[in-house]
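In this text, residue positions in the sequence shown follow the UniProt record's numbering: the first is 1, and each later residue adds one.
Cβ atoms here follow ideal geometry from the backbone N, Cα and C, with glycine treated the same way.
Working notes for the structure below.
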Amino acid sequence: MSIIRKVFLLKSYVLNTYYKIRSFCFNFSFNSLNNHDVTRNDLLNAIDDLERFERSARIFDRRKNCKYFQLQSLIILVLNSFQALRFLMLNITDNETLRLYAGDIFVSLSERKVLDYIVHVGIIMPCMVKIFLLHHNKFGRKSFINIFDEYKESLKQYKREFSLLSTNESSFRKSYYILIKLYNYFNLMVYIIFGLAHISTAVINYSSLKPFIIQLVHTALIIAIYYFIISSALWFLFILALVALFSCNSIDSLITEYDKLNSINHYAWTNKLSFYYKINLLNNWIDCFNAQSAWLMYFAYMYAAFHNILIFFYLTQFTFDNLGVKTLLITSNILILLILYVSNYLGSLIAQKGSLLYMSIYRASVDTGKSNNLEVALKKLQVLERFKARKIGAYIGNYIYIDNNNALILTLECASLYFLFCANIHRNTL
Numbered sequence: 001m002s003i004i005r006k007v008f009l010l011k012s013y014v015l016n017t018y019y020k021i022r023s024f025c026f027n028f029s030f031n032s033l034n035n036h037d038v039t040r041n042d043l044l045n046a047i048d049d050l051e052r053f054e055r056s057a058r059i060f061d062r063r064k065n066c067k068y069f070q071l072q073s074l075i076i077l078v079l080n081s082f083q084a085l086r087f088l089m090l091n092i093t094d095n096e097t098l099r100l101y102a103g104d105i106f107v108s109l110s111e112r113k114v115l116d117y118i119v120h121v122g123i124i125m126p127c128m129v130k131i132f133l134l135h136h137n138k139f140g141r142k143s144f145i146n147i148f149d150e151y152k153e154s155l156k157q158y159k160r161e162f163s164l165l166s167t168n169e170s171s172f173r174k175s176y177y178i179l180i181k182l183y184n185y186f187n188l189m190v191y192i193i194f195g196l197a198h199i200s201t202a203v204i205n206y207s208s209l210k211p212f213i214i215q216l217v218h219t220a221l222i223i224a225i226y227y228f229i230i231s232s233a234l235w236f237l238f239i240l241a242l243v244a245l246f247s248c249n250s251i252d253s254l255i256t257e258y259d260k261l262n263s264i265n266h267y268a269w270t271n272k273l274s275f276y277y278k279i280n281l282l283n284n285w286i287d288c289f290n291a292q293s294a295w296l297m298y299f300a301y302m303y304a305a306f307h308n309i310l311i312f313f314y315l316t317q318f319t320f321d322n323l324g325v326k327t328l329l330i331t332s333n334i335l336i337l338l339i340l341y342v343s344n345y346l347g348s349l350i351a352q353k354g355s356l357l358y359m360s361i362y363r364a365s366v367d368t369g370k371s372n373n374l375e376v377a378l379k380k381l382q383v384l385e386r387f388k389a390r391k392i393g394a395y396i397g398n399y400i401y402i403d404n405n406n407a408l409i410l411t412l413e414c415a416s417l418y419f420l421f422c423a424n425i426h427r428n429t430l
């Protein structure tokens, strides 16, 4: 009886999940989210769901209370690294026995080496994020993510105002809520597409029973473990978008607050000191984010840009008889381009907002005269000097500033590398 009951419970769970996904697919629209008035409780519930998912998928342990979290995360990383090495080996080797037991799902395709390498890249990049998260979880230092925990605490107290979002809190609250919802469903969608693509490829390239069984075993293994690694990679992209939105809303809020202070003839000098304290707080937090994510941003950015050019080179310089192969390459190329240029856009947005804040403070008259006003003036000069020495915004590797100019330079450098490939690599040599 207990077995029958468990079967019925499992069936009920699967059906409920299916109906939720179907309901979302038919009813989801950006307009409904935009028109939805997100309350504090709505966002708190969404954040609680997100934190539970972070722990269950072994992404990030904010509370540091999950037993064996680091060990389980390390096992996930090692298993996925082996899968990445397996596809890299399949790309290199021509040994039929190795290819048989390694479960090469592209065995019957002439473009198998290119496809194996694309899958290798698709696994190794999320592994980079997992290494970063393991390192970030290990140390007890203050994380840049802690500011979102502080914001969550402010939501629990109805009349409490978060200092960096004094005028833009409702706008950020709605953006935060939408991002969480998009992450929840987009994560599931990517995983389902990945699993279906692997299974269908193995079925389409069926040659005989023994290789097919081996391929299915390898496919089942990679589908089981890839969920955790892709969830971590998409979570980091979600955090990047959240950091950009928080920075932009905070800077907008500071600009509005500064304009109000300048419009008041007899303001309390402590108000302006508090304002400059908020600027330093935001600056310190952005510097903390840049420092803690420096190596990941640098290596992931360079790795993605290089492989995007490589894929584009293959697409433009070689012909493919199989439409599915060309579709996979085009999709990979577009996805990497989207990640690169959306990241550039978000970074440039912070840079533009930071420049507006700098100009607002710079153009305002310097407060002088009374001793209190002199203290404010010195604080203002200190803030302007800091802005001048290091611009507020996102950095790649903590030293390449992301703005419109550097985005253009990146595009031109990618184009020059593409032409270098065209000049030195010929079809006959591959």
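Rounded to whole angstroms, the Cβ separation of Arg99 and Leu90 is 6 Å, and the two are in contact under 8 Å.
When secondary structure is reduced to three states using DSSP, Tyr395 falls in the strand class. About 6 Å separates the CB atoms of Ile230 and Val190; that is less than 8 Å, so the two are in contact.
Gly347 is positioned such that its CB atom lies no closer than 8 Å to that of Ile392. Leu329 and Leu338 do not touch by the CB rule: their CB atoms are close to 15 Å apart, not below 8 Å. By the Cβ neighbour-count rule, His135 is exposed, with fewer than 16 other Cβ atoms within 10 Å of its own.
Counting of Cβ neighbours within 10 angstroms places Asp48 among the exposed residues, the total staying below 16.
Taking a 10 Å sphere around the C-beta of Ala291, we find fewer than 16 other C-beta atoms and assign the residue as exposed.
At the C-beta level, Cys127 and Leu77 come within 8 Å of one another.
Under DSSP, the beta-bridge partners assigned to Ile400 are Ile396. Collapsing the DSSP output to three states places Gln157 in coil. In this structure, Val38 sits away from Lys142, with a CB-CB distance that is not shorter than 8 Å.
Put simply, the region 194 to 205 touches the region 105 to 121. At least three CB pairs are less than 8 Å apart.
Look at Thr316 here: in three-state DSSP terms it is helix.
DSSP places Cys127 in the uninterrupted alpha helix (DSSP H) bounded by Arg112 to Lys138.
Under the three-state reduction of DSSP, Ile145 is assigned to coil, being neither helix nor strand. In terms of Cβ geometry, Asn205 and Leu349 do not form a close pair [threshold 8 Å]. Close CB contacts of Asp61 within its chain, under the 7 Å cut and outside five residues either way in sequence, are with Arg55, Phe69 and Asn137 (chain order).
Close CB contacts of Ile145 within its chain, under the 6 Å cut and outside five residues either way in sequence, are absent. 8 Å or more divides the Cβ of Ile123 from the Cβ of Thr219. The closest CA to that of Tyr276, considering only Arg390, Phe306, Ser163 and Tyr395, is found on Ser163. Closest in C-alpha terms to Lys379, from the list Ile334, Tyr362, Asn45 and Leu240, comes Tyr362.
Between Ser253 and Leu165, the C-beta gap is smaller than 8 Å, which places the two residues in contact. In the displayed model, Asn95 falls within coil according to three-state DSSP, outside both helix and strand. Judged by DSSP secondary structure, Tyr358 falls within the alpha helix (DSSP H) whose first and last residues are Leu323 to Arg363.
According to the DSSP assignment, Asn187 belongs to the alpha helix (DSSP H) that extends over Glu169 to Ile204. Judged by DSSP in its simplified three-state form, Ile59 adopts coil rather than helix or strand.
Leaving aside the five residues that flank His307 on each side, the residues in its chain whose CB is nearer than 6 Å to its CB run, in chain order, Val121.
In this structure, Arg386 and Asn283 form a Cβ contact; the two beta carbons are roughly 7 Å apart against a cut-off of 8 Å.
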